[in-house]
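A.B. asks:
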Amino acid sequence: MEMFFSSENRSAPIGVFDSGIGGMTVAKAISELLPQERLIYFGDTAHLPYGEKSTAALQAYVIKSIDFLLSHGCKVIVIACNSASAAAAELARAYTGSRAKVIDVITPMVEWVAKAFPNREVGLIGTRQTVHSQVYQRQIAQKQAGIALHALATPLLASLIEEGFFNDQVSKEVVKSYLSDPILAPIQALILACTHYPLIKNDIAAFFEKQGREVVLIDGSMIVAESLKAYLTEEALLSSEKTEADAFYVSDFTQSFQATTQIFFGKEVKLALFRLWE
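If you use the numbering used here, the sequence shown corresponds to residues 856 to 1133, in order.
Structure representation (structure tokens):
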């Protein structure tokens, strides 16, 4: 039976999912901007990284993840992954229907970039799935803002971050190798088109600073959180207070996920196991 959310459902949780810890950057931004909202986070760690999976596989993972979050009565579901958003955002909305609002991470980012950087040279780094889908290229072109987009696939980064390699010598060297690509030479801003990448934002900023270049790094975490807040405000769905603690689920336990989750939320976080295919 379909659920139609109204102001009476303000206390319902917000669901957030990703392949792993990347979506935590979005969850943390939501928690900071909307501390009264309860979060249900699902990390599909059994299938990471999403960026190297086929479109069909991603669509299957997304639908399973949505089913799980709907079972917890979520009023909004945030696809906190660029790869999953590129492959399955429209499918997710069609499947979910009126049971919950689905927000992807690409649409708010494109709208923000189109307003902030018209007629500029903008770079983009992301997974192969995100870059090869051309979704950013199409949506930015539709805005007719005169933006020249320079996209580069950086497939190693998400896996490195999941393994705990961020803000260290390993991540610095890989970042240097990727960002030295000539395709990014003319850019004035860089879209971090993977929710994992804010974890290495310092490494990326240091690379451009060492080159003496001023490049604005566009981290979509707070942009997505602001989009969520706007929706909840417009629909009178803002919770007045958090009545239960946030909950965190994974499809497979990983030590790095546990450790990074505690770093994000500043406290010990209890992870519960939910296997997608059981």
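C-beta: ideal position from N, C-alpha, C; glycine also.
1. Could you name the residues of the same chain whose beta carbon sits closer than 7 Å to that of ALA943, not counting the 5 residues immediately before and after it, in chain order?
2. Touch check for the stretch 1011 to 1029 and the stretch 960 to 970: three-plus C-beta pairs under 8 Å?
3. Tell me whether the beta-carbon of GLY906 lies closer than 9 Å to the beta-carbon of PHE872.
4. Can you tell me whether ALA955 sits near the ligand MN, meaning its C-beta is under 8 Å from at least one heavy atom of the ligand?
5. So, with DSSP's three-state summary, where would you put HIS1005?
6. If you follow the beta strand (DSSP E) that GLY870 is in, where does it begin and where does it stop?
7. From this set, ALA1048, ALA1044, LYS1056, which residue's C-alpha is nearest LYS1031's C-alpha?
8. Sorted by chain position, which residues of the same chain lie with C-beta nearer than 6 Å to GLU1099's C-beta, five sequence neighbours on each side aside?
9. Going residue by residue through the stretch 962 to 1002, where are the continuous beta strand (DSSP E) segments of at least 3 residues, counting only ones entirely within it?
10. Can you tell me whether DSSP reads VAL814 as helix, strand or coil?
11. Taking the alpha-carbon positions, what's the LEU888 to LEU1039 distance?
12. Take GLY1001 as the anchor and find which of TYR991, HIS987, ARG975 has the nearest alpha-carbon.
13. Taking VAL917 as part of the alpha helix (DSSP H), name the residues at either end of that continuous run.
14. For ALA1102, which residues from the same chain have a beta carbon less than 6 Å from its beta carbon, with the 5 sequence-adjacent residues on both sides left out?
15. Exposed or buried, ALA1114, counting other C-beta atoms within 10 Å across all chains shown (16 or more means buried)?
16. With DSSP as the reference, label PHE859 as helix, strand or coil.
17. Could you give the residue range of the beta strand (DSSP E) that holds LYS1125?
18. Considering only C-alpha positions, which residue in the set ALA949, PRO1037, GLY978 is nearest to VAL1071?
19. With a Cβ-Cβ cutoff of 9 Å, do GLY928 and ALA882 count as a contact?
20. To which residues of the same chain is GLN1043 closer than 6 Å at the C-beta, ignoring the five residues directly before and after it?
21. Where MET856 and VAL1029 are concerned, what is the direct C-alpha to C-alpha distance, given to the nearest angstrom?
22. ALA1048 by DSSP, collapsed to three states: which one?
23. Excluding five sequence neighbours on each side, which residues of the same chain lie with their C-beta closer than 8 Å to the C-beta of LYS1125?
24. How about PRO904 and ALA1006: do their beta carbons lie closer than 9 Å?
25. Go ahead and pull the three-state DSSP assignment for ILE1118.
26. Just how far apart, CA to CA, sit GLN1117 and MET879?
27. Count the other CB atoms, across all protein chains shown, that sit within 10 Å of the CB of GLY875; report buried if there are 16 or more and exposed otherwise.
28. What number of angstroms, rounded off, separates the C-alpha of PRO1053 from the C-alpha of PHE972?
29. What span of residues does the beta strand (DSSP E) with ILE932 cover, start to end?
30. Candidates ILE932, PHE1129, ALA941, ILE980: which alpha carbon is nearest ILE958's?
C.D. replies: Judging by the given coordinates:
1. Excluding sequence neighbours, ALA943 sits near LEU913, GLN914, VAL917.
2. In short, these stretches do not touch, since the Cβ pair count stays below three.
3. Not in contact: GLY906 and PHE872 (Cβ atoms no closer than 9 Å).
4. Ligands in the displayed structure: none, and consequently the ligand MN is not present.
5. Note: HIS1005 maps to strand in three-state DSSP.
6. Going by DSSP, GLY870 is part of the beta strand (DSSP E) stretching over 869 to 873.
7. Relative to LYS1031, the option among ALA1048, ALA1044, LYS1056 whose CA is nearest is LYS1056.
8. Excluding sequence neighbours, GLU1099 sits near ARG893.
9. The qualifying runs are 976 to 981.
10. With the chain represented from 856 up to 1133, any question about residue 814 goes unanswered, as that position is not in the structure.
11. Spanning the two alpha carbons is a distance of roughly 32 Å.
12. When each option's Cα is compared against that of GLY1001, the closest is ARG975.
13. Taken as a continuous stretch (DSSP letters only), the alpha helix (DSSP H) holding VAL917 covers 910 to 925.
14. Hits under 6 Å: ILE895.
15. By the 10 Å Cβ count, ALA1114 comes out exposed.
16. At PHE859, the pLDDT of 49 sits below 50, so the modelled position is not reliable and the matter cannot be decided from this model.
17. Per DSSP, LYS1125 belongs to no beta strand (DSSP E) and is neither H nor E.
18. GLY978 is the residue among ALA949, PRO1037, GLY978 whose C-alpha sits nearest the C-alpha of VAL1071.
19. One thing to note: GLY928 has its Cβ no nearer than 9 Å to the Cβ of ALA882.
20. So the qualifying residues of the chain are ARG975, GLU976.
21. At MET856 the pLDDT is 37, less than 50, meaning the model places this residue with poor confidence; the figure from the coordinates comes in the next sentence. Straight-line measurement puts the Cα of VAL1029 at about 49 Å from the Cα of MET856.
22. Here ALA1048 sits in strand by DSSP.
23. Excluding residues within five positions, the ones whose Cβ falls inside 8 Å are PHE1103.
24. Not in contact: PRO904 and ALA1006 (Cβ atoms no closer than 9 Å).
25. Here ILE1118 sits in helix by DSSP.
26. Taking the straight line from one Cα to the other gives about 10 Å.
27. So GLY875 ends up on the buried side.
28. It is roughly 20 Å from the alpha-carbon of PRO1053 to the alpha-carbon of PHE972.
29. For ILE932, the enclosing beta strand (DSSP E) has its first and last residue at 931 to 934.
30. When each option's Cα is compared against that of ILE958, the closest is ILE932.
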